[in-house]
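Reviewing the structure listed below.
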Amino acid sequence: MSLLDTLNGDLKAAMKARDKQTLSVIRMLKSAVMNEQINAGHDLTADEEVSVLSRELKQRRESLSEFENAGRQDLADGVKAEIAIVEKYMPKQLSDEEVQQIVADTIKRVGATGKGDFGKVMGAVMPKLKGQADGKLINQTVKSLLN
3 MSLLDTLNGD
13 LKAAMKARDK
23 QTLSVIRMLK
33 SAVMNEQINA
43 GHDLTADEEV
53 SVLSRELKQR
63 RESLSEFENA
73 GRQDLADGVK
83 AEIAIVEKYM
93 PKQLSDEEVQ
103 QIVADTIKRV
113 GATGKGDFGK
123 VMGAVMPKLK
133 GQADGKLINQ
143 TVKSLLN
């Protein structure tokens, strides 16, 4: 079942439940996926769907950070709820330990020895962890293991 099919089913359920916030977020996700599909000119692959979801999740996390820094707790609460809804459609997230193990294995595989190899390691590890871990976590893990 594709992401669009899942979103359509959940959209109907949210309409029936009169859940305005979930309905709004699902409509936004569906719109983002359909726009990406139109731009690509073909049905999206699972990886492309995850990329769209990751982008939307990242935007919300950045908004949350900005709202919290500005002291706007009322807006931050709304964004937190949106994040929870978007996360339901993301693949299972890996734990910190799992990310650390994958990064360590990648460092050994590419033969990285220091900070100068950061780009090489990130280039090798990001495709493996795409959508399964936050980019900031991966970045911090690679930096700490290369030091």
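The sequence shown begins at 3 in my numbering and counts up by one.
Ideal Cβ positions, reconstructed from N, Cα and C, are used throughout, including at glycine.
Remember, it's a predicted structure, so these values are computed and weren't measured experimentally.
Spatial distance of Ile-87 from Leu-148 (CA atoms)
The residue given as residue 87 occupies position 85 in the sequence shown. The residue given as residue 148 occupies position 146 in the sequence shown. Answer to the nearest angstrom: the Cα atoms are 35 angstroms apart.
Own chain partners of Val-127 with C-beta closer than 6 angstroms, once the 5 adjacent residues on each side are dropped:
Along the sequence shown, read from residue 1 onward, the residue named residue 127 stands at position 125. Closer than 6 angstroms at Cβ, skipping near neighbours: Val-105 and Thr-108.
Return the chain-ordered ranges of every alpha helix (DSSP H) run that is complete within the stretch 82–131 and spans a minimum of 4 residues.
98–112 and 120–131
Whole-angstrom Cβ separation of Met-17 and Leu-25, contact assumed at under 8 angstroms?
Working through the sequence shown from its first residue, we reach residue 17 at position 15. Working through the sequence shown from its first residue, we reach residue 25 at position 23. Indeed they touch by this definition, with Cβ atoms about 6 angstroms apart.
Closest by C-alpha distance to Asp-45, when choosing among Ile-140, Glu-68, Leu-6 and Glu-70
Here residue 45 corresponds to residue number 43 of the sequence shown, with the count starting at 1. Among Ile-140, Glu-68, Leu-6 and Glu-70, the Cα nearest to that of Asp-45 is on Leu-6.
What whole-angstrom Cβ distance do Leu-2 and Ile-85 have, given they're in contact under 8 angstroms?
Here the chain has residues from 3 to 149 only, and residue 2 is not among them.
Smallest Cα separation from Val-81: which of Lys-94, Ser-67, Lys-32 and Pro-93?
For this step, residue 81 is matched to residue 79 along the sequence shown. Here the closest residue by C-alpha is Ser-67.
If you compare alpha carbons, which of Gly-133, Lys-132, Phe-120 and Pro-129 is closest to Gln-142?
The sequence position of residue 142 within the sequence shown is 140, counting from 1. Cα-wise, what sits closest to Gln-142 is Phe-120.
Is it true that the CB of Lys-110 sits closer than 8 angstroms to the CB of Val-52?
Position 50 of the sequence shown, counting from 1, holds the residue named residue 52. Position 108 of the sequence shown, counting from 1, holds the residue named residue 110. In this structure, Lys-110 does not lie closer than 8 angstroms to Val-52 by Cβ.
I'd like the span of the alpha helix (DSSP H) that includes Ala-15, first residue to last.
For this step, residue 15 is matched to residue 13 along the sequence shown. Run containing Ala-15: 5–19, per the alpha helix (DSSP H) assignment.
Taking 8 angstroms as the cut-off, decide whether the C-beta atoms of Ala-135 and Val-112 are in contact.
Numbered from 1 along the sequence shown, position 133 holds the residue referred to as residue 135. Numbered from 1 along the sequence shown, position 110 holds the residue referred to as residue 112. Contact: no.
Taking Arg-63 as part of the alpha helix (DSSP H), name the residues at either end of that continuous run.
Walking along the sequence shown from the start, residue 63 turns up at place 61. Unbroken alpha helix (DSSP H) run through Arg-63: 48–71.
Note the first and the last residue of the continuous alpha helix (DSSP H) segment covering Ala-34.
Sequence index remark: in the sequence shown, residue 34 carries index 32 (1-based). It spans 22–42 - the alpha helix (DSSP H) in which Ala-34 sits, taken as one unbroken run.
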